[in-house]
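Worksheet: the structure to be examined is printed underneath.
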DNA sequence: TCAAAAGTGTTCTATCTACACCCATGT
DNA sequence: ACATGGGTGTAGATAGAACACTTTTGA
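Residue numbers (the numbering used here), protein chains in the order written: chain A, 1 to 221; chain B, 222 to 442.
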């Protein structure tokens, strides 16, 4: 939905776009990557990154490419979310939305003069282009739900992390504080994470044990 | 994906199809509505009903229209499932899959000489056209999961029903037997259903109380 | 009176919640 | 020595699972 130039539309065919809701935990809050539109339509508004699908690869590959283009990072968690039609309202089109989870340290944003990307807290979004607010809300709900019964948090964290960092990630996504002892118990009981044996010393206090996800592929409980 | 004739494809545009996984409980089993393809491609195979999206209405409206066309019934439960690309592999295209829940008594199937619809048990499907087996498996998983935390079973049942019928519906979808007493307790505790006050006498035994869903709109627990 | 399905409660187990103190380190 | 965050266990409440008898009706 980025490129606004209108090609001729054939009979019974439509524009197809892939858009990506990219999440990261930044400053202790769940944030989403948006691009500022300097061209019509919806000029001057923030929107989800995306682009036309050219049909030369699968939709998922197109979304992955978009994700790499925006973040410079590979092998990120990506999942299809929802498909909306008539996003633009001026031509028949569908947009297939995906959401992705990234660890901010691996991300290197790329600006162009056409659009400038920036992170925005999901709890304080402006009104976005193309009704993107609803899509983001849906993506947030999905991630929150999946934290409970999958290991997708691995997408938001580096290879090794402390239990405190894991908990902070959960709290940022869920938007609620969690009990430290119960959280540790529950997490270790799932078997999704295991201690690496390493420690991290970090200030004037006892060092924290480091943990890692036992697998960095999606696992359901 | 039904009509196989190829229109000219413009630049950067694609075919978009809406397809529907229509579920009903028939003969005590979860069944899905399939059409037999008498024309290429995938001639001779069973496939999910669907058709090209013409862009004149939303995708959801297109899926609803398809659903009415197939079943003759209105106001059915419909939910978007997944979008696949390259279904056909000969031209760029995406298919947006929906799933629907219908009460068999309200359905009146319509045959044409091009395709004949028929119900198939989901636990004994042949190999279908366009990799439809995977979509159906995904739809079944979704319905099973949602039985647990929503009232979507209303889509499979008439306005009034006995608790035994409700339980049979759950068992057919889940594929597992349930404890009768715990099931009744749990269902009534949700508040999703309420006794109508009517009874149904049905054979040489005590009549059953009739229940109805308190709301026939989607509700989450 | 009998067969057949409807209706109903309790016990046990597992899980979740709430909660407070000692430990290891750097300054 | 002290301030800082890391690490640990238990008791109570809640929810889920297992399980058997009485009731109402038609034949």
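Glycine residues also receive a C-beta, built at the ideal position from the N, C-alpha and C atoms.
Since we're looking at a predicted model, the values are computed, not measured.
| Asked | Found |
| --- | --- |
| Identify, in the order they occur along the chain, each residue of the same chain with its Cβ nearer than 6 angstroms to the Cβ of residue 264 of chain B, setting aside the five sequence neighbours on each side. | 258 |
| Report yes or no: do three or more beta-carbon pairs, one from the stretch 140–153 of chain A and one from the stretch 169–176 of chain A, lie closer than 8 angstroms? | yes |
| Assuming contact is defined by CB atoms lying nearer than 8 angstroms, are residue 120 of chain A and residue 35 of chain A in contact in what I supplied? | no |
| I'd like to know whether the C-beta of residue 313 of chain B is nearer than 8 angstroms to at least one C-beta of chain A. | yes |
| Taking 7 angstroms as the limit between beta carbons, can you name the residues of its chain near residue 7 of chain A, skipping five residues before and five after? | Because the pLDDT at residue 7 of chain A is just 40, under 50, the model does not fix this residue reliably, and the value given afterwards should be weighed accordingly. Counting only Cβ-Cβ distances below 7 angstroms, and skipping sequence neighbours, we find nothing. |
| Do you know whose CA, among A:221, A:144, A:184, A:46, lies nearest residue 133 of chain A's CA? | A:46 |
| Which same chain residues, not among the five before or five after residue 429 of chain B, have their C-beta less than 6 angstroms away from its C-beta? | 383, 421 |
| Please report the straight-line C-alpha distance between residue 115 of chain A and residue 40 of chain A, rounded to a whole angstrom. | 12 angstroms |
| Over what stretch of residues does the alpha helix (DSSP H) that includes residue 292 of chain B continue unbroken? | 280–292 |
| So, at 8 angstroms on beta carbons, what are the nonlocal neighbours of residue 368 of chain B in its own chain, with the 5 sequence-adjacent residues on each side left out? | 374, 391, 394, 395 |
| Please name the residue, chosen from A:109, A:213, A:141, that lies closest to residue 122 of chain A on a Cα-to-Cα basis. | A:141 |
| Taking the continuous beta strand (DSSP E) assigned at residue 37 of chain A, which residues delimit it? | 29–37 |
| With DSSP collapsed to three states, give me the class of residue 254 of chain A. | The structure shown does not extend to residue 254 of chain A, since chain A spans only 1 to 221, so no value can be given for it. |
| Considering only the alpha carbon of each residue, which of B:304, B:251, B:281, B:274 lies closest to residue 298 of chain B? | B:281 |
| Quick check: is the beta carbon of residue 271 of chain B nearer than 8 angstroms to any beta carbon in chain A? | no |
| Give the straight-line distance between the Cα atoms of residue 25 of chain A and residue 331 of chain B, rounded to the nearest whole angstrom. | 52 angstroms |
| For residue 317 of chain B, which residues does DSSP report across the bridge? | B:239, B:304 |
| In chain order, what residues of the same chain have a beta carbon less than 8 angstroms from the beta carbon of residue 407 of chain B, not counting five sequence neighbours either side? | none |
| Whose CA, out of A:218, A:71, A:98, A:75, lies closest to the CA of residue 81 of chain A? | A:98 |
| So, using beta-carbon positions, are residue 128 of chain A and residue 100 of chain A closer together than 8 angstroms? | no |
| Helix, strand or coil for residue 360 of chain B per DSSP? | helix |
| Taking only the alpha-carbon atoms, compute the straight-line gap between residue 52 of chain A and residue 385 of chain B and give it to the nearest angstrom. | 51 angstroms |
| Taking all protein chains shown into account, decide if residue 280 of chain A is buried (16 or more other Cβ within 10 angstroms of its Cβ) or exposed. | Any question about residue 280 of chain A goes unanswered here, given that chain A covers just 1 to 221. |
| So, residue 305 of chain B versus residue 356 of chain B, is the Cβ gap smaller than 8 angstroms? | yes |
| Listing by chain order, which chain A residues have their CB less than 9 angstroms from the CB of residue 333 of chain B? | By Cβ distance, chain A contributes nothing, its closest Cβ being about 20 angstroms from residue 333 of chain B, past 9 angstroms. |
| What separation, rounded to the nearest whole angstrom, lies between the Cα atoms of residue 380 of chain B and residue 328 of chain B? | 15 angstroms |
| Could you check whether residue 211 of chain A and residue 189 of chain A sit closer than 8 angstroms to each other, using their CB atoms as the reference points? | no |
| Measure the Cβ-Cβ separation of residue 333 of chain B and residue 13 of chain A and say whether it is below 8 angstroms. | no |
| Here's the rule I'm using: 16 or more other beta-carbon atoms within 10 Å means buried, otherwise exposed. How should residue 124 of chain A be labelled? | exposed |
| Ordered along the chain, which non-local residues of its own chain (more than five positions away) have a Cβ less than 8 angstroms from that of residue 5 of chain A? | Annotation note: pLDDT 37 at residue 5 of chain A (below 50); position unreliable, no value reported. |
| Just curious, the alpha helix (DSSP H) that residue 91 of chain A is in, first and last residue? | Run containing residue 91 of chain A: none; DSSP gives neither H nor E here. |
| Please classify residue 214 of chain A: does DSSP put it in a helix, a strand, or coil? | coil |
| Among B:242, B:278, B:277, B:251, which one has its Cα closest to the Cα of residue 300 of chain B? | B:242 |
| In the DSSP output, which residue or residues are listed as bridge partners for residue 404 of chain B? | DSSP lists no partner for residue 404 of chain B. |
| Could you check what DSSP says for residue 178 of chain A in three-state terms: helix, strand or coil? | coil |
| I'd like to check one pair, residue 102 of chain A with residue 73 of chain A: are the Cβ atoms closer than 8 angstroms? | yes |
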